[in-house]
Amino acid sequence: MENNHLDHAAESGTTCPQEQEQNIVVETTATETPQMSRTDILERLRSIVEQPIEEVKDEVESLKQNYYKTRRIEIETAYKAHIDAGLPEADFTPEHDNCEEQLKELLSSFKERKAQFLQEQERQREMNLARKNELLDELRTIIDAPDEVGKQYQRVQQIQQEFKAITDVPAQAVTDLWKRYQTYTEQFYDLLKINKELRDYDFKKNLEQKESLCRAAEELAHMEDIIAAFKQLQILHNEWREVGPVAKELRDEIWNRFKDASTVINKRHQAFFENRKETETQNETAKIALCEEIEQLIEQLNEFNTYAQWEEKTQAILAIQERWKGVGFASRKNNTALFERFRTSCDKFFVAKAEFFKNAKDSMNANLEKKRILCEKAEALKDSTDWKKTSDTLISLQKEWKEIGPVAKKYSDAIWKRFNEACDYFFEQKKKALSSSREIENTNLQTKQEIIARLKAIDETIDDETARAAMREATAQWNATGHVPYREKDKLYKEYQAALDALYARFNKNRNRARMNNFSNSLQQFGEGSNDKLYREREKLVRSYEMKKNEIQTYENNKGFLSLSSSRAESLVQELERKIKKLYDEMELIEQKINLIDQKLQ
81 MENNHLDHAA ESGTTCPQEQ EQNIVVETTA TETPQMSRTD ILERLRSIVE
131 QPIEEVKDEV ESLKQNYYKT RRIEIETAYK AHIDAGLPEA DFTPEHDNCE
181 EQLKELLSSF KERKAQFLQE QERQREMNLA RKNELLDELR TIIDAPDEVG
231 KQYQRVQQIQ QEFKAITDVP AQAVTDLWKR YQTYTEQFYD LLKINKELRD
281 YDFKKNLEQK ESLCRAAEEL AHMEDIIAAF KQLQILHNEW REVGPVAKEL
331 RDEIWNRFKD ASTVINKRHQ AFFENRKETE TQNETAKIAL CEEIEQLIEQ
381 LNEFNTYAQW EEKTQAILAI QERWKGVGFA SRKNNTALFE RFRTSCDKFF
431 VAKAEFFKNA KDSMNANLEK KRILCEKAEA LKDSTDWKKT SDTLISLQKE
481 WKEIGPVAKK YSDAIWKRFN EACDYFFEQK KKALSSSREI ENTNLQTKQE
531 IIARLKAIDE TIDDETARAA MREATAQWNA TGHVPYREKD KLYKEYQAAL
581 DALYARFNKN RNRARMNNFS NSLQQFGEGS NDKLYREREK LVRSYEMKKN
631 EIQTYENNKG FLSLSSSRAE SLVQELERKI KKLYDEMELI EQKINLIDQK
681 LQ
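Residues in the sequence shown are numbered from 81 upward in steps of one, following my numbering.
Okay, here's the thing in structure tokens:
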């Protein structure tokens with residue numbers, strides 16, 4: 081007699097929970113179906129919500145997820161358009177979602193129908209259980225009358241067919257039902273004295289089926305996806321129960337073979353969930369630490385009173401969000417609660433930031449009016465020939481200008497240019513009037529022109545080391561050379577900077593070529609089966625790419641602030657632009673590396 085001692089408990093926890101982190105920008109790489117509009121989603125939901133639960137439940141869940149995804153994309157698109165239009169970030173407010181209440185009503189209606197459906201399924205299982213017990217009781221009655229067993233052969237076959245046709249019963253009753261069925265069936269065949277040839281044929285057929293199930297169970301040990309293997313094993317066990325008995329002398333042998341194959345899968349399945357539980361515990365600890373870190377930062381909100389402070393803390397928040405994305409799921413019990421805790425802190429920060437920028441707008445308007453008054457004062461003095469007194473007055477106005485806070489970006493360049501032109505005009509006139517070194521300036525001009533010519537003469541025939549040495553020598557001579565005529569200053573400096581930029585571009589190009597060659601050589605060392613390493617290298621490059629893109633955005637934002645507060649605005653902005661160009665070159669190199677990895681993965 082065969083005894084099934086395996087644990088057939090229903091599998092739990094095989095599907096990882098999904099986080100809807102709407103405030104954290106998540107970059108998706110999976111191929112997606114064409115996006116439906118929220119109106120289309122509602123129409124589709126209305127058309128299927130009353131259909132059979134089993135047929136549409138997966139689609140309803142998919143439509144729900146797509147609705148919120150579509151909503152998030154609409155907000156992000158509107159936000160980008162808002163920023164691209166040059167409008168302040170603080171003025172952006174997402175449009176109210178008028179469709180969400182309709183969505184919730186439809187989902188609520190579907191949820192009620194689904195609950196009724198599940199109740200009906202449970203009722204049917206109980207009815208099936210009762211019927212199976214009736215069939216087993218009848219089979220037991222037949223066995224208890226051994227003299228009549230031969231006459232009951234057809235009735236026993238009918239009982240077997242009906243018993244197998246009833247499949248859906250409460251899970252906790254499956255094993256006991258099967259054991260009783262197998263016991264009674266085996267007892268019946270043991271008592272059956274007639275039609276031995278038919279019994280032997282059934283035994284042989286059943287043995288072939290059970291050997292096939294054993295082979296299928298043994299092959300599952302080689303599947304990489306243990307969850308799929310475990311599910312397939314449950315199907316095999318259901319099929320095993322439906323197969324009749326085998327010859328008595330073979331029953332223990334064939335059952336032990338099937339049980340041993342099942343034990344291998346069950347142990348792997350148990351180990352899988354134990355490992356995942358440990359990982360989820362570690363992830364939960366990491367997420368709690370991130371929540372505490374961002375909550376400590378939120379406690380300091382009242383201390384932030386400058387744009388620089390808000391920008392610094394914004395970058396800190398974004399960095400914490402990136403770290404959060406790198407942490408896997410916590411336990412199903414706590415994952416959602418942790419995400420809500422984290423998102424609440426993020427929302428609190430960005431709401432406070434928006435309020436700060438809104439209040440700062442009024443302050444910037446007042447600052448603009450103060451700077452207009454200083455412009456008028458500077459313009460009234462620019463034609464003065466009282467060099468000492470006027471110089472002191474303008475310097476005082478410049479100091480006062482620096483003490484005034486920032487103005488809106490759309491006015492900052494123009495108002496600064498107006499003030500600076502008035503000051504520069506006066507000091508240029510003063511310089512012309514007091515200058516006695518015109519001849520020296522012309523000599524300096526000629527020297528700097530010769531320096532530029534030497535820089536331009538450093539072509540590709542000269543190796544990088546020699547070229548760098550020549551460039552350093554020319555730069556040192558340039559810095560040691562005094563002023564040139566004012567009218568030539570900007571043009572000459574731009575020409576000098578262009579020559580340096582060309583050399584730096586050449587050095588960067590050669591260095592990038594060497595770095596790509598080294599990277600390509602390192603990829604060649606990856607052998608067969610190293611796709612996991614390639615994917616990890618690719619993910620690291622993508623993160624580096626995003627970090628450099630964020631740095632570019634920071635530099636772009638800072639250009640306006642620098643131009644407001646420095647008398648060397650143009651040179652500072654040019655320096656930032658050179659840094660931005662360097663970052664773009666590095667991003668291009670990263671793209672080439674990613675493409676090289678993608679080619680190897682194909």
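Positions of the beta carbon are idealized from the N, C-alpha and C atoms, including for glycine.
All values derive from a computational prediction rather than experimental measurement.
For residue i, count the other beta carbons within 10 Å of its own beta carbon; 16 or more makes it buried, fewer makes it exposed. Which is it?
i, result
"Y147", "buried"
"S443", "exposed"
"H349", "buried"
"V236", "buried"
"I520", "exposed"
"K615", "It should be pointed out that residue 615 corresponds to Tyr in this sequence rather than to Lys. By the neighbour-count rule (16 or more Cβ atoms within 10 Å), Y615 is not buried but exposed."
"A513", "exposed"
"T221", "exposed"
"Y281", "exposed"
"T361", "exposed"
"A531", "It is worth fixing the name first, because residue 531 is Ile in this sequence and not Ala. With 16 or more Cβ atoms within 10 Å of its Cβ, I531 is classed as buried."
"Q380", "exposed"
"R518", "exposed"
Which of the three DSSP states is assigned to residue i in this structure?
i, result
"V129", "coil"
"V564", "coil"
"T108", "Caution is warranted here: a pLDDT of 33 is assigned to T108, below 50, making its placement in the model unreliable, and the coordinate value is therefore given only provisionally. Coil at T108, not helix or strand."
"C179", "coil"
"G485", "coil"
"M551", "helix"
"G408", "coil"
"T465", "coil"
"A165", "coil"
"E304", "coil"
"M596", "helix"
"D504", "helix"
"M627", "helix"
"D678", "helix"
"A582", "helix"
"I670", "helix"
"Q100", "Confidence at Q100 is low in this model, with a pLDDT of 34, below 50, so the placement of that residue should be treated as unreliable; the coordinate-derived value is given next. Q100: coil per DSSP, three-state reduction."
"M207", "helix"
"D224", "coil"
"S492", "helix"
"S651", "helix"
Within the continuous alpha helix (DSSP H) that includes residue i, where are the two ends?
i, result
"K367", "K328 to I378"
"Y232", "The residue asked about is misnamed: residue 232 is Gln in this sequence, not Tyr. From DSSP, Q232 is part of no alpha helix (DSSP H); its letter is neither H nor E."
"G324", "From DSSP, G324 is part of no alpha helix (DSSP H); its letter is neither H nor E."
"F172", "It is not in any alpha helix (DSSP H) - F172 carries neither H nor E in the DSSP assignment."
"E383", "Premise fails: E383 is in no alpha helix (DSSP H) and is neither H nor E."
"K441", "R412 to L461"
"V249", "Run containing V249: none; DSSP gives neither H nor E here."
"I538", "Careful: I538 lies outside any alpha helix (DSSP H) and carries neither H nor E."
Rounded to whole angstroms, what's the CA-CA distance from residue i to residue j? Just pull it up for me.
i, j, result
"E456", "L663", "41 Å"
"A458", "C503", "6 Å"
"K357", "F384", "41 Å"
"L621", "V249", "53 Å"
"E298", "E354", "23 Å"
"F409", "A488", "43 Å"
"I155", "P174", "6 Å"
"N414", "E364", "8 Å"
"N103", "R421", "Confidence at N103 is low in this model, with a pLDDT of 35, below 50, so the placement of that residue is unreliable and no value is reported for it."
"R586", "A351", "56 Å"
"K680", "I670", "15 Å"
"N213", "A417", "45 Å"
"E668", "N598", "16 Å"
"K433", "T424", "14 Å"
"E329", "Q289", "17 Å"
"A560", "E508", "23 Å"
"E266", "V129", "48 Å"
"K438", "N445", "12 Å"
Can you confirm whether residue i, when its beta carbon is compared against all beta carbons of chain B, has any partner nearer than 8 Å?
i, result
"L186", "Checking the listed chains, one finds no chain B in this structure; it contains a single protein chain."
Can you tell me the Cβ-Cβ gap for residue i and residue j, rounded? I've got them flagged as a contact below 8 Å.
i, j, result
"C294", "R337", "5 Å"
"L216", "Y269", "Contact flag wrong, Cβ pair sits at about 16 Å."
"W558", "K536", "The Cβ separation is near 13 Å, so there is no contact."
"Q401", "C426", "7 Å"
"R534", "A554", "6 Å"
"I246", "R211", "6 Å"
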